[in-house]
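Residue numbers (the working numbering), protein chains in the order written: chain A, 1 to 256; chain B, 1001 to 1256.
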DNA sequence: AAGTGGTCTAGACCACTGA
DNA sequence: CAGTGGTCTAGACCACTTG
């Protein structure tokens, strides 16, 4: 039993008290940004707790984005987050050509949007949500999944549903690169406008975790919505999951 | 060593293979929504792995919002998420009176916004971000923290920074209930308009986790931004952390 | 090769929930 | 009360990174 850990509130588990203690040290500058924390065996010895208890504490700090764990190297204090801002001006943005593409900074080699799959539309919860949003039956929809890579990393996982099919074989080939909103619109011969977009936050599921190369449960910013043809027919449901630590969407309201 | 678990890709840890296996059973309807999973000792026996390994697998599914763990009861398959939608029409919303209040559905007893603290503005990363956004030095700012409760649960943690002080004693008293954006504007004798708002996703830190009653790392939707006086002076920086599973912000673009 | 974090086991005790 | 999940220990072996 460790003697030197605070106990507020009572019955607080040991690993959480240890997490708070480490957080205090970080806040106080004891472990400055970029510094390596003592190794797990060292912390285990210092606080007189099992290594697994140390790991639970450090895992909490990692989930809270306070530290970064690098396997085989150590655990490091994360500097204050610097995030990419993606400007989304609701007054000017009407035509949906995949604005995320234009808004992103210059890409490196290998950056862009890539098809990963064209999964069949079954009765999954996502498919049914898409069908509801588009006002169609699920079996009239086609689906296309992609990832957007930036800076050499997968940043966003995207799923598109459209009320027609089948999609051109060349478009759905895994590895196909392009601006998929534009390509889908072209394939259907339609022009798309924003209807609505929504923001939410979820933890990465196992599939998204694998696609984005992050642990399951990593906070993702979800941006979903419907685009319409000019006559108001809902014609595209899109759902993007973006690594929350690397992006934020900014809306401007004032004249500039 | 469990024999009956898939191994794609190679070197996939046991707990992740188990997680995928359970996910497959859920997807296939083997454990329908609302159903209780076998208990940890049962799964441990069935797959021939240690209970801790089972716990790691189930923890992944919980972080991915696939199951809900109820202590002393069991682990249950979560139904497809039904989220509260909060409409934010960027064309009509100019006056900042704490729109989240008006947008929320009817409150129960005990619902509302409550002051939790008026922490001193030090040099923390958050404080410096606020100072930067307001174009002031940190020591000219005051800060106020609150929670918004709805349906008997804390749904959002809010922090406000304003470029004056000290704040009225009655306003900063922990437990004070009210519409804090309105109250802050009143205290300064100013009228506030939206300048910009941004959306992001982060995991709950230890403090937010305690305020919101969720585990550290729970995905939170962050809505932050600056409001101005009519002459364009940045006068309020607000940062709300909203339980991602319970809210989503919707932007409408088409005429209705 | 040495040190780091990642996984896994066996076993124990505890806190919580519901009947 | 019995059964559930939550915490903690001791010890082992592994995969990965760096020198």
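C-beta atoms are modelled at their ideal positions from N, C-alpha and C, and glycine is treated no differently.
Checklist entry - When we look at the beta-carbon of residue 51(A) and count the other beta-carbons within 10 Å, is it buried (16 or more) or exposed? => result Stepping through the first chain from its first residue, residue 51(A) is reached at position 51. Around the Cβ of residue 51(A), a 10 Å sphere holds fewer than 16 other Cβ atoms; the residue is exposed.
Checklist entry - Taking DSSP as the reference, what is the three-state secondary structure of residue 1136(B)? => result Mapped onto the second chain, residue 1136(B) falls at position 136. Here DSSP, grouped into helix, strand and coil, assigns residue 1136(B) to coil.
Checklist entry - Roughly how far, in whole angstroms, is the beta-carbon of residue 1211(B) from the beta-carbon of residue 1125(B), given that I think they are within contact range, below 8 Å? => result The sequence position of residue 1211(B) within the second chain is 211, counting from 1. The sequence position of residue 1125(B) within the second chain is 125, counting from 1. So it is not a contact: roughly 18 Å between Cβ atoms.
Next on the checklist: Quick check: the Cα distance between residue 228(A) and residue 24(A), rounded to an integer number of angstroms?
Outcome noted: The residue given as residue 228(A) occupies position 228 in the first chain. The residue given as residue 24(A) occupies position 24 in the first chain. Near 51 Å, if we compare the C-alpha coordinates of residue 24(A) and residue 228(A).
Checklist entry - Is the distance from the Cβ of residue 1226(B) to the Cβ of residue 1188(B) below 8 Å? => result Taking the second chain and counting its residues from 1, the one referred to as residue 1226(B) is at position 226. Taking the second chain and counting its residues from 1, the one referred to as residue 1188(B) is at position 188. Contact flag unset, no.
Item to check | Limits of the beta strand (DSSP E) - the one that residue 219(A) falls within | outcome: In the first chain, residue 219(A) corresponds to position 219, counting from 1. Start and end: 219-228.
Checklist entry - Would a C-beta distance cut-off of 8 Å place residue 1157(B) and residue 1208(B) closer than the cut-off? => result As a working mapping, residue 1157(B) is identified with position 157 in the second chain. As a working mapping, residue 1208(B) is identified with position 208 in the second chain. A Cβ-Cβ contact shorter than 8 Å links residue 1157(B) with residue 1208(B).
Next on the checklist: Please list, in chain order, the residues of the region 189-210 of chain A that have any C-beta partner in chain B closer than 8 Å.
Outcome noted: Residues of the region 189-210 of chain A that bring their beta carbon within less than 8 Å of a beta carbon in chain B comprise 193, 194, 195, 196, 197, 198, 199, 200, 201, 202, 203, 204, 205, 206 and 209, in sequence order.
Next on the checklist: Short of 8 Å Cβ to Cβ, which residues in the region 18-45 of chain A face chain B?
Outcome noted: Result list: 19, 20, 23 and 27.
Checklist entry - Can at least three beta-carbon pairs, one atom from the region 130-138 of chain A and one from the region 1034-1044 of chain B, be found at a separation below 8 Å? => result Taking a cut-off of 8 Å for Cβ pairs, the region 130-138 of chain A and the region 1034-1044 of chain B do not touch, as fewer than three such pairs fall below it.
Item to check | residue 1233(B) in three-state terms, based on DSSP | outcome: Taking the first residue of the second chain as 1, we reach residue 1233(B) at position 233. It is coil, neither helix nor strand.
Checklist entry - Do we get a CB-CB distance below 8 Å when we pair residue 174(A) with the residues of chain B? => result Along the first chain, read from residue 1 onward, the residue named residue 174(A) stands at position 174. Residue 174(A) is outside the set of residues whose beta carbon lies under 8 Å from a beta carbon in chain B.
Checklist entry - What does residue 132(A) reach in chain B if we use C-beta pairs closer than 7 Å? => result Position 132 of the first chain, counted from the start, is the residue given in the question as residue 132(A). Residues of chain B passing the Cβ test: none, with the nearest at roughly 11 Å.
Next on the checklist: Need the endpoints of the beta strand (DSSP E) that residue 169(A) sits in, please.
Outcome noted: Here residue 169(A) refers to the residue found at position 169 of the first chain. Note, residue 169(A): premise wrong, no beta strand (DSSP E); alpha helix (DSSP H) at 169-172.
Checklist entry - When the distance is taken between beta carbons, is residue 1217(B) closer than 8 Å to residue 63(A)? => result As a first step, residue 63(A) must be located in the first chain, where it is residue number 63. As a first step, residue 1217(B) must be located in the second chain, where it is residue number 217. The answer is yes: Cβ separation under 8 Å.
Item to check | Where the region 1047-1066 of chain B meets chain A: residues whose CB sits under 9 Å from a CB there | outcome: Against chain A - using a Cβ distance shorter than 9 Å - the residues of the region 1047-1066 of chain B are 1052, 1059, 1060, 1061, 1062, 1063, 1064, 1065 and 1066.
Checklist entry - Terminal residues of the continuous alpha helix (DSSP H) containing residue 181(A)? => result Residue mapping note: residue 181(A) aligns to position 181 of the first chain, counting from 1. Looking at the DSSP string, the run of the alpha helix (DSSP H) that includes residue 181(A) is 180-188.
Item to check | Member of 141(A), 74(A) and 180(A) whose CA lies at the smallest distance from the CA of residue 166(A) | outcome: As a position in the first chain, residue 166(A) is number 166, starting the count at 1. Closest option to residue 166(A), Cα to Cα, is 141(A).
Next on the checklist: Under 7 Å: does the beta carbon of residue 196(A) sit that close to some heavy atom of the ligand MG?
Outcome noted: Ligands displayed in this structure: none; no statement on the ligand MG is therefore possible.
Checklist entry - Among 171(A), 219(A) and 233(A), which residue has its Cα nearest to the Cα of residue 259(A)? => result The structure shown does not extend to residue 259(A), since chain A is modelled only from 1 to 256, so the question has no answer here.
Next on the checklist: So the candidates are 215(A), 198(A), 233(A) and 235(A); which of them puts its Cα closest to the Cα of residue 249(A)?
Outcome noted: To locate residue 249(A), count along the first chain from 1; it is residue 249. When the alpha-carbon of residue 249(A) is set against those of 215(A), 198(A), 233(A) and 235(A), the nearest one is in 198(A).
Checklist entry - Between residue 204(A) and residue 1244(B), is the Cβ-Cβ spacing less than 8 Å? => result Taking the first chain and counting its residues from 1, the one referred to as residue 204(A) is at position 204. Taking the second chain and counting its residues from 1, the one referred to as residue 1244(B) is at position 244. For the 8 Å CB-CB criterion, residue 204(A) and residue 1244(B) do not form a contact.
Checklist entry - For residue 191(A), which three-state DSSP category applies? => result Indexing the first chain from 1 puts residue 191(A) at position 191. Under the three-state reduction of DSSP, residue 191(A) is assigned to coil, being neither helix nor strand.
Item to check | Chain-ordered chain B contacts of residue 73(A) [CB-CB under 7 Å] | outcome: As a first step, residue 73(A) is located in the first chain; it is residue number 73 there, counting from the start. Within chain B, no C-beta atom comes nearer than 7 Å to that of residue 73(A); the closest sits roughly 19 Å away.
Item to check | Under 7 Å (Cβ pairs) to chain A, residues found in the region 1211-1226 of chain B | outcome: Under the 7 Å Cβ criterion, the region 1211-1226 of chain B contributes 1216, 1217, 1219, 1220 and 1221.
Checklist entry - From this set, 45(A), 46(A), 48(A) and 74(A), which residue's C-alpha is nearest residue 59(A)'s C-alpha? => result Residue mapping note: residue 59(A) aligns to position 59 of the first chain, counting from 1. The candidate whose alpha carbon is nearest that of residue 59(A) is 74(A).
Item to check | Length of the line joining the Cα atoms of residue 230(A) and residue 1176(B) | outcome: Position 230 of the first chain, counted from the start, is the residue given in the question as residue 230(A). Position 176 of the second chain, counted from the start, is the residue given in the question as residue 1176(B). Looking at the two C-alpha atoms, the distance is approximately 49 Å.
Checklist entry - residue 16(A) lies in the alpha helix (DSSP H); which residues open and close that run? => result Working through the first chain from its first residue, we reach residue 16(A) at position 16. Start and end: 14-27.
Checklist entry - Roughly how many angstroms lie between the CA atoms of residue 1028(B) and residue 1070(B), to the nearest whole one? => result Counted from its first residue, the second chain places residue 1028(B) at position 28. Counted from its first residue, the second chain places residue 1070(B) at position 70. Taking the straight line from one Cα to the other gives about 23 Å.
Checklist entry - Taking Cβ-Cβ distances shorter than 7 Å, what residues in chain A pair up with residue 1249(B)? => result Stepping through the second chain from its first residue, residue 1249(B) is reached at position 249. The answer, in chain order, is 198 and 199.
Checklist entry - In the structure shown, what three-state DSSP assignment does residue 1206(B) receive? => result Mapped onto the second chain, residue 1206(B) falls at position 206. Here residue 1206(B) sits in helix by DSSP.
Checklist entry - Of all the CB atoms in chain A, is at least one closer than 8 Å to the CB of residue 1165(B)? => result Residue 1165(B) sits at position 165 when you count from the first residue of the second chain. No, its Cβ sits nowhere closer than 8 Å to a Cβ of chain A.
Item to check | Residues near residue 1145(B) in its chain [Cβ-Cβ closer than 6 Å; skip 5 each side] | outcome: Here the question's residue 1145(B) lines up with position 145 in the second chain. Within the same chain, 1116, 1117 and 1159 come within 6 Å of residue 1145(B) by CB-CB distance, once the 5 residues on both sides are set aside.
Checklist entry - So residue 15(A) packs on residue 45(A), CB below 8 Å; how close in whole Å? => result Mapped onto the first chain, residue 15(A) falls at position 15. Mapped onto the first chain, residue 45(A) falls at position 45. Actually they do not touch by this definition, with Cβ atoms about 16 Å apart.
Next on the checklist: Taking 8 Å as the limit between beta carbons, can you name the residues of its chain near residue 1098(B), skipping five residues before and five after?
Outcome noted: On the second chain, residue 1098(B) is found 98 positions in, with the first residue counted as 1. Any reading at residue 1098(B) is ruled out, since the residue's pLDDT is 49, under 50, leaving its predicted position unreliable.
Item to check | Nearest to residue 13(A) (by Cα), restricted to the options 121(A), 54(A), 193(A) and 152(A) | outcome: In the first chain, counting from the first residue as 1, residue 13(A) sits at position 13. For residue 13(A), the nearest C-alpha among the options comes from 54(A).
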